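Peer 1: Quick note: the sequence shown uses my numbering, first residue 8, plus one each step.
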Amino acid sequence: MFLGGRGELFSLRRMEVAGRSPELRGQALFAAYYLNELLLRLLQRQDPHPEVFDAYVQALGSFALQPLEAVLRVFEKRLLEALGYALVLESDVSGEPIEARCRYRYLPEQGLERMQGQGGISGRALLALAAEACDNAQDLREIKPLLRQVLGQYLGERPLKTREFLIDLEGQGRSGHD
């Protein structure tokens with residue numbers, strides 16, 4: 008690919024197609040919009056992040072092969088890592104290894120803290136995320152709020168448009184069934 012131009016406005020002068028892009032429809036298309044919005048909000052203009060775009064291309068290709076939620080969680084994890092905000096998923100704030108049978112809560116800017124009782128996120132889910140083996144529905148339900156919280160720290164107060172759109176769409180679906 009070759010770009011030319013001055014200032015912030017560039018023109019595409021030449022491009023070679025490396026492969027065929029996956030055809031996205033329905034939930035996969037909406038998920039791709041979500042990934043695009045994350046990239047636009049979290050990356051600086053003209054700041055190359057080849058590992059992010061490799062993860063992006065891999066995610067788009069995986070939408071047809073793996074559960075959508077699993078693909079999204081792995082992409083979010085990789086994006087945070089590439090930006091220097093990686094979660095420490097192997098040990099808690101006291102340096103103890105994460106144990107599958109224990110429960111944890113996330114403390115911003117500190118990490119994971121072991122907790123007593125119910126709530127939080129299971130060590131099993133954290134270890135699955137660390138291994139990028141998020142194929143259990145319960146683990147995915149626990150991982151989603153964790154990644155949403157961490158991403159929220161860097162996205163700021165302005166809500167994601169894709170999330171607002173989904174909430175509106177779900178609301179319209181419910182009102183249509185009354």
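We put the CB at the ideal spot given by N, CA and C, even for glycine.
As the structure is a computational prediction, the values presented were derived from the model and not from experiment.
(1) Counting only runs of 3+ residues fully inside the segment 88-132, write out the beta strand (DSSP E) ranges in chain order.
(2) Compute the Euclidean distance between the alpha carbons of leucine 114 and glutamate 120, then round it to the nearest angstrom.
(3) Just to confirm, is the Cβ distance from isoleucine 128 to leucine 153 under 7 Å?
(4) Cβ atoms of glycine 130 and valine 95: under 7 Å apart, would you say?
(5) Would the segment 131-148 count as touching the segment 73-90 if we require 3 or more Cβ pairs under 8 Å?
(6) Find the nearest neighbour of glycine 126 within the set Pro104, Glu149 and Leu134, judged by alpha-carbon distance.
(7) Comparing alpha-carbon positions, which option in Ala66, Tyr92 and Arg112 lies nearest alanine 39?
(8) Please classify aspartate 175 as buried or exposed, where buried requires at least 16 other C-beta atoms within 10 Å of its C-beta.
(9) Out of Leu72, Leu45 and Tyr63, which has the shortest C-alpha to C-alpha gap to glycine 163?
Peer 2: Short version:
(1) 110-114 and 118-122
(2) Residue mapping note: residue 114 aligns to position 107 of the sequence shown, counting from 1. Residue mapping note: residue 120 aligns to position 113 of the sequence shown, counting from 1. C-alpha separation (whole angstroms): 7 Å.
(3) Along the sequence shown, read from residue 1 onward, the residue named residue 128 stands at position 121. Along the sequence shown, read from residue 1 onward, the residue named residue 153 stands at position 146. Pairing isoleucine 128 with leucine 153 gives a Cβ-Cβ distance under 7 Å.
(4) As a working note, residue 95 is residue 88 in the sequence shown. As a working note, residue 130 is residue 123 in the sequence shown. Their beta carbons are not under 7 Å apart, which means valine 95 does not touch glycine 130 by this criterion.
(5) At 8 Å Cβ cutoff, the stretches touch.
(6) Mapped onto the sequence shown, residue 126 falls at position 119. The residue with the shortest Cα to Cα distance from glycine 126 is Glu149.
(7) Taking the first residue of the sequence shown as 1, we reach residue 39 at position 32. Taking the Cα of alanine 39 as reference, the smallest distance to any Cα among Ala66, Tyr92 and Arg112 is reached at Ala66.
(8) For the purposes of this step, residue 175 is taken as residue 168 along the sequence shown, with counting starting at 1. Counting Cβ neighbours within 10 Å, aspartate 175 comes out exposed, since fewer than 16 surround it.
(9) Along the sequence shown, one-based indexing puts residue 163 at 156. If we check each option's Cα against that of glycine 163, Leu45 comes out closest.
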